[in-house]
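Numbering (my numbering), first residue to last: 2 to 137. For each residue, glycine too, the CB sits at the ideal point set by N, CA and C. The structure under discussion appears below in the form of structure tokens.
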Amino acid sequence: MTADEQEAAGYAMRRLRDTTDLTIEYIGYGCGRYFGYNDMTWFSEDLPPGVRGRYQCDDCRGGRSYKGSVYIDFPELKRGANDWSDIRKTTVHEVGHSLSFRHDSVSAMIQGEVPSTHWRWRSFSASDRDDINRAF
Numbered sequence: 002m003t004a005d006e007q008e009a010a011g012y013a014m015r016r017l018r019d020t021t022d023l024t025i026e027y028i029g030y031g032c033g034r035y036f037g038y039n040d041m042t043w044f045s046e047d048l049p050p051g052v053r054g055r056y057q058c059d060d061c062r063g064g065r066s067y068k069g070s071v072y073i074d075f076p077e078l079k080r081g082a083n084d085w086s087d088i089r090k091t092t093v094h095e096v097g098h099s100l101s102f103r104h105d106s107v108s109a110m111i112q113g114e115v116p117s118t119h120w121r122w123r124s125f126s127a128s129d130r131d132d133i134n135r136a137f
């Protein structure tokens, strides 16, 4: 991963740390951990056309992910007027999948390009944050 790509991964981990009660550790070089439960490894990868990012649980037990891989297609995201926001939305979105969040239309869990550069598209919804704080 390039330095810019690593920064985007770190952004997603900081959004989780700064908006929830979780303890977050972003080690850098594409590795992060939240609350000691889920080790995440980040990859820049050429995904199928139209696929912007993907989360894969590599160690799932009892409905919880303990180790996962995040794949981001950065060239796919560098199209259109809102590249910076799209990249960060997608990294936050894939972290959301690591927490078992489903797609919605009010937060970073929206599918596709961000509708605008508003911060809500790079954040978890209040309901998602409440779910995180209750679960962890």
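N-terminal and C-terminal residue of the alpha helix (DSSP H) that residue i is part of
i, result
"Ile-133", "127–136"
"Thr-167", "With the chain running from 2 to 137 in the structure shown, residue 167 is simply not present."
Within 8 Å, strictly: CB atoms of residue i and residue j
i, j, result
"Val-71", "Phe-102", "no"
"Leu-100", "Ile-73", "no"
Buried or exposed (CB count within 10 angstroms, at least 16 for buried), residue i
i, result
"His-119", "exposed"
"Asp-19", "exposed"
"Ala-9", "buried"
Residue i: CB within 7 Å of a non-hydrogen atom of the ligand FMN
i, result
"Ser-117", "Absent from the structure shown: the ligand FMN. Ligands present: none."
Problem set entry | the stretch 108–120 in contact with the stretch 80–99 per 3-pair CB rule at 8 Å | In short, these stretches touch, since the Cβ pair count reaches three.
Exercise. Contact between the stretch 80–92 and the stretch 57–64: three or more CB pairs below 8 Å?
Worked result: no
For this session: Examine the Cβ distances between the stretch 116–130 and the stretch 41–48 and report whether three or more of them are shorter than 8 Å.
Result: Contact check between the stretch 116–130 and the stretch 41–48: fewer than three CB pairs, one atom from each, fall below 8 Å, which does not count as touching.
Exercise. Which ranges would you report for the alpha helix (DSSP H) in the stretch 46–108 if only whole runs of at least 4 residues count?
Worked result: 75–78 and 84–99
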